[in-house]
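Trainee:
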Amino acid sequence: MEGKGDFMDILGELVVALAGVLVVVIGRLTATGRIGRNAFAGIRTKRTMADEESWRIAHRGAQPWMIAGGLLLALSGVVALAVPDPAASAVTIGVGTGLALVLTVLGTVTGLRALNNRTL
């Protein structure tokens with residue numbers, strides 16, 4: 028079995044960690060309105076793209092879940108860097124990514140519900 032420390036292993040784990048940081052930053056900036064409607068980042072549905080208020084409401088509702096998902100993704104990348112066994116690192120990345128995906132989907136659902144209710 029090959030040992031841990033291969034450049035591509037480390038690069039992959041760093042990319043996962045940085046992707047998590049990016050999710051946190053985008054989650055925060057879309058919720059505060061610093062990133063408005065766009066074709067690249069955020070919850071892009073017909074309703075959220077209708078106007079800036081709808082965009083902001085949906086992203087404010089999603090924000091806690093998006094930040095939690097991003098933090099979990101970043102943490103899984105950092106933990107995978109510290110784990111000496113390549114298989115354990117892969118499991119860490121896989122589980123972390125899967126859970127982060129669940130959290131971001133929950134964020135999307137919560138944000139769209141907030142938009143439906145116009146509560147935020």
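Numbering-wise (this note's numbering), the sequence shown opens with residue 28 and increments by one.
Just so it is clear, CB atoms sit at the ideal spot from N, CA and C, and this is done for glycine as well.
The structure displayed is predicted, hence computed values, not measured ones.
(1) According to the Cβ coordinates, are ALA95 and GLY138 closer than 8 Å?
(2) Under 8 Å between the Cβ atoms of THR131 and VAL48?
(3) Under 8 Å by Cβ, that's how I've got PRO111 and ASP36 pegged, so tell me the actual separation to the nearest angstrom.
(4) How about GLY123 and LEU100: are their beta carbons less than 8 Å apart?
(5) Hey, GLY63 and GLU79 are a contact pair by Cβ (cut 8 Å); roughly how many whole angstroms apart?
(6) With distances taken Cα to Cα, identify the nearest neighbour of ARG83 among LEU41, THR119 and ALA58.
(7) Drop a sphere of 10 angstroms on the beta-carbon of MET28, count the other beta-carbons inside from all chains shown, and report buried for 16 or more, exposed for fewer.
(8) Determine the burial state of LEU128: buried for a count of at least 16 other Cβ atoms within 10 Å of its Cβ, exposed for fewer.
Mentor: Short version:
(1) Translated into the one-based positions of the sequence shown, residue 95 becomes position 68. Translated into the one-based positions of the sequence shown, residue 138 becomes position 111. The answer is no: Cβ separation not under 8 Å.
(2) Start at 1 with the first residue of the sequence shown, and residue 131 comes out as number 104. Start at 1 with the first residue of the sequence shown, and residue 48 comes out as number 21. Taking 8 Å as the cut-off, the Cβ atoms of THR131 and VAL48 do not count as close.
(3) Taking the sequence shown and counting its residues from 1, the one referred to as residue 111 is at position 84. Taking the sequence shown and counting its residues from 1, the one referred to as residue 36 is at position 9. In fact, because the Cβ distance is near 11 Å, the residues do not count as touching under 8 Å.
(4) Counting from one through the sequence shown, the residue named residue 123 turns up at place 96. Counting from one through the sequence shown, the residue named residue 100 turns up at place 73. Closer than 8 Å, so yes.
(5) Taking the sequence shown and counting its residues from 1, the one referred to as residue 63 is at position 36. Taking the sequence shown and counting its residues from 1, the one referred to as residue 79 is at position 52. Beta-carbon to beta-carbon, GLY63 and GLU79 are separated by about 6 Å, close enough to satisfy the 8 Å threshold.
(6) Indexing the sequence shown from 1 puts residue 83 at position 56. Taking only the C-alpha atoms, the option nearest ARG83 is ALA58.
(7) Taking the first residue of the sequence shown as 1, we reach residue 28 at position 1. Interpretation of MET28 is limited by its pLDDT of 45, a score under 50 that renders its predicted location unreliable; the figure taken from the coordinates is listed afterwards. MET28 sits exposed, since fewer than 16 C-beta atoms from the chains shown fall within 10 Å of its C-beta.
(8) By 1-based counting over the sequence shown, the position of residue 128 is 101. Counting Cβ neighbours within 10 Å, LEU128 comes out exposed, since fewer than 16 surround it.
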